[in-house]
Amino acid sequence: MDEQAPKTGKQTGRNKTGKQTGRNKTGKQTDRNKTESHPTDTHLVVLLDRSGSMAAIADDVIGGFNAWLRDQQASGDDAVVTLVLFDSIDQHEVVADAVQVADVEPLDAATFNPRAATPLLDATSLVIARVRRREEDRKRKQLPSEAVVIVSITDGHENDSTECSVGQIRTAIAERERSGWKFVFLSAALDVYEEAGSLGYGPHNTQAFHPDEAGTAVAFASLSQGTAMLRERRRHGAKTADLDLWESGKPAEADRNKRQR
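Just add 21 to the spot in the sequence shown (first one is 1) and you have our numbering.
Now the structure itself:
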């Protein structure tokens, strides 16, 4: 499962030498080798559903992600960010690959253009494999380990994977959690906890939200607050696996439940 390749192989942010790059806020290209992480870095990985059903909240997702990004940039430079978009045309489009948080560009409509179906299982497998390769590479180079947080954001169900099963993903998540990774599931599906549980996400790491402008805004605000809290606790020595991203509550889920009564 770890050796999958994306259907298109498309990847953004490479320079002519083949090195992975990111773009800073001035629009200049930055070689990821020049933005190597600090010893205390948290690796924030966002796996973002870009399937066609996300079109109804596309602008809200863009705005929510960018607000989350601004908050993380304001929280300090001790984080790197990987942003991966997925759909059935491209299961693994890498927008930012472990880019220092200050240098990550905002998401825009040209990049986040919902289309096609939802290969959630295959996309999850690919992103886990990517982060594992980085982890192994850092270990070989005797670089400090990073705290890994993978956040999957979707509005619906898996419906197009061909390489991975639910059981394989559940096993992969459990294995990575034992090594200290944290997996978070933020979803607007009808039965969020059933799907999250089947994949191996714990209920304390899962939150539902309502798929409209207000619901999406609350969801990303909650994610931002939880992410900043986790980073602050890590600065004081806490282990990532011991932290609850939603310890201050699940406001997006409360909003959804209130509106569904």
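C-beta: ideal position from N, C-alpha, C; glycine also.
- Here the alpha carbons of G177 and E215 stand approximately 12 Å from one another.
- With 16 or more other CB atoms across the displayed protein chains lying within 10 angstroms of its CB, A209 is buried.
- In the DSSP assignment, D92 falls within the unbroken alpha helix (DSSP H) covering A79 to S96.
- At the C-beta level, F241 and R277 stay beyond 8 Å of one another.
- Three or more Cβ pairs closer than 8 Å define a contact, and the stretch 133-151 falls short of that threshold against the stretch 92-102.
- If only complete runs of 3 or more residues are kept, the stretch 165-214 shows the beta strand (DSSP E) at 168-175 and 203-208, in order along the chain.
- Between F107 and R154, the CB-CB gap reaches or exceeds 8 Å.
- Leaving aside the five residues that flank G73 on each side, the residues in its chain whose CB is nearer than 8 Å to its CB run, in chain order, D108, P135, R136, A137 and A138.
- Under DSSP, the beta-bridge partners assigned to F107 are D70.
- When C-alpha distances from V125 are compared across K271, L266, R255 and F86, the shortest belongs to F86.
- In the structure shown, H225 falls within a helical segment according to DSSP collapsed to helix, strand and coil.
- Under the three-state reduction of DSSP, D118 is assigned to strand.
- According to DSSP, residue pairing for H64 in a beta bridge involves V101 and V169.
- In this structure V122 is in contact with Q94, their Cβ atoms being roughly 5 Å apart against a cut-off of 8 Å.
- For V152, the enclosing alpha helix (DSSP H) covers residues L141 to R161.
- Residues of the same chain with their beta carbon placed closer than 6 Å to that of K260 are lacking, with the five preceding and five following residues left out of the count.
- For S269, no alpha helix (DSSP H) encloses it, and the DSSP letter there is neither H nor E.
- No Cβ-Cβ contact shorter than 8 Å links L220 with V172.
- Taken through DSSP and simplified to helix, strand or coil, N278 comes out as helix.
- If you check the CB distance, H113 and V105 come in under 8 Å.
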